[in-house]
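The opening residue of the sequence shown carries number 0 in numbering that gives the first Met the number 0; numbering runs sequentially from there. Below: the structure, in structure tokens.
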Amino acid sequence: MRTPVVMTLLVACATPATPATSGPGAYRLEERGTLSLPGAMDVWGEGDVAVLAGGLNPATDVLVADVSDPDAPRMLSTIGGLGQVRDVHLEDDVLYVASDCNCRPGTPEMEAWDHVGVRIYDLSDPAAPGLLATIGPPTESVHNLHVANGFLYATSFLEGPGGSVVIVDVSDPRAPAVVGRWSPPAGVVHDQTAVDDRLYVAHMDGFSVVDIADPAAPRTLQTVSLRPLAGPGGLPALHNAWPLRDPRYVATSEERVGGPMTLWDLDRAAPVARFPEADDPNCVHNVQIVGDRLYAAWYLDGVRVFDVADPSAPTLLDAVDTFPGPTPEPPDPPPGADGPDPSTMPIIRGAWGTWIDDGRVLVGDTDRGLVVLTESGG
């Protein structure tokens, strides 16, 4: 394994190579079936079972589905009463659900919150999820989570000025135990991906690679920080990070108007490829790597699949636009609202996240719910 170098570098958003679009080829991505859940967010699965986060749906916080027939996904069960669920993860018949208060300490919303950030369910019978355990304070509101090798990595905005990634031993899912924490050097934690003994954390103005060989003592190996952007707002919004097959390279997404997918060379701490052109008004939300393919959930533009065998020359293989109808107008901010400049905020509708298995690409779509795509050829 390559020995990482500990460094913190500032990287300007220079213009690297833009991926070429492939000509007629063998790979095809095709939309098959859907299962309606307005307001849905992320999706995960295992075998023929898919789990969809209810997000902004007023009644359903988690939907469990059978996707064995791509043309006719079938609901098996639902879970409600959990608050805003943005992220879910299914591993070895155990379901991990992140509950996000989406509020600030000391507000009435926070006071009314039940202070449970993660719930763990037995999903050995997908038609009857059984609660195994809950994780509360200080991990009382969780935005995103990831599970790997018996550990849960949970993004909590409420821990410290930039939030933290809380590391939980879930080798016994009935008795989760917090063993460690990692906080960003700058920015605010947003999402993380654990692969082998590395954790890749996006923290809005950059991303970090963290050694988690000992999860109780996470150690920062490298941080890449983006310089402020030109124009209104001026802040980048790095959303997630995922390593390629060769861990020298990392793919990231940026959740802002025109936010691109970027491929980074960690040895140079510099981008080697970016998609799309800067004048695209929509943005990528999540990227996920399986083998040499990158799957990108692109909000209003649907799902795009790239061949990234050569990170410096990725190829767009195919795309499916999952969003129905014309592009909506961005909402006006409420009077007196604080936060990011509204001109930099994307329209958060359409393809939110993906999960890939056995030729199926499952999409969590904010308007349509669960959308099942299939791959062929290639």
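Glycine is no exception: its CB is placed at the ideal position from the N, C-alpha and C atoms. If you're wondering where the values come from, they're calculated on a predicted model, not measured in any experiment.
In this structure, how does DSSP classify residue i when only helix, strand and coil are distinguished?
i, result
"Met74", "strand"
"Gly377", "coil"
"Ala336", "The predicted position of Ala336 is uncertain, since its pLDDT is 47 and thus under 50; no value can be drawn from it."
"Tyr26", "coil"
"Asn148", "coil"
"Gly301", "coil"
"Gly179", "strand"
"Val289", "strand"
"Val63", "strand"
"Glu45", "strand"
"Gly352", "strand"
"Arg361", "Residue identity check: residue 361 is Leu in the sequence provided, not Arg. Strand."
"Gly126", "Looking at the sequence shown, residue 126 is not Gly but Ala. Ala126: coil per DSSP, three-state reduction."
"Thr138", "coil"
"Arg247", "coil"
"Ala269", "strand"
"Ala215", "coil"
"Asp68", "coil"
Starting from residue i, trace the alpha helix (DSSP H) both ways and give me its first and last residue.
i, result
"Ala111", "107 to 111"
Cβ atoms of residue j and residue i: under 8 Å apart, would you say?
i, j, result
"Val169", "Leu151", "yes"
"Asn56", "Leu28", "no"
"Asp356", "Gly44", "yes"
"Gly54", "Val87", "no"
"Ala295", "Val307", "no"
"Trp354", "Asp364", "no"
I need the boundaries of the beta strand (DSSP E) containing residue i, first residue and last residue.
i, result
"Pro242", "237 to 242"
"Val319", "314 to 319"
"Val380", "Outside the shown range of the chain, which is 0 to 377, sits residue 380, and nothing can be said about it."
DSSP has residue i in a bridge; who is on the other side?
i, result
"His88", "Tyr95"
"Met260", "Ser252, Phe274"
"Val208", "Tyr199, Gln221"
"Ser163", "Ser155"
"Leu51", "Val42, Leu62"
"Leu131", "Leu131 pairs with nothing; no bridge assigned."
"Val445", "A query on residue 445 cannot be resolved here, the shown segment of the chain reaching from 0 to 377 and no further."
"Val117", "Ala97, Ile134"
"Asn281", "Answer by DSSP bridge pairing: none, since Asn281 is not bridged."
"Asn143", "Thr154"
"Asp306", "Arg292, Thr314"
"Asp408", "The question about residue 408 has no answer, for the chain in this structure spans 0 to 377."
Contact the region 137 to 146 vs the region 61 to 76: 3+ CB pairs below 8 Å: Contact between the region 137 to 146 and the region 61 to 76 is absent: fewer than 3 CB-CB pairs across the two stretches fall below 8 Å.
I want to know whether the region 182 to 189 touches the region 197 to 211 - three or more CB-CB distances under 8 Å. These segments touch.
Three-pair Cβ contact test at 8 Å for the region 253 to 266 versus the region 320 to 327: Contact fails: fewer than three Cβ-Cβ distances are below 8 Å.
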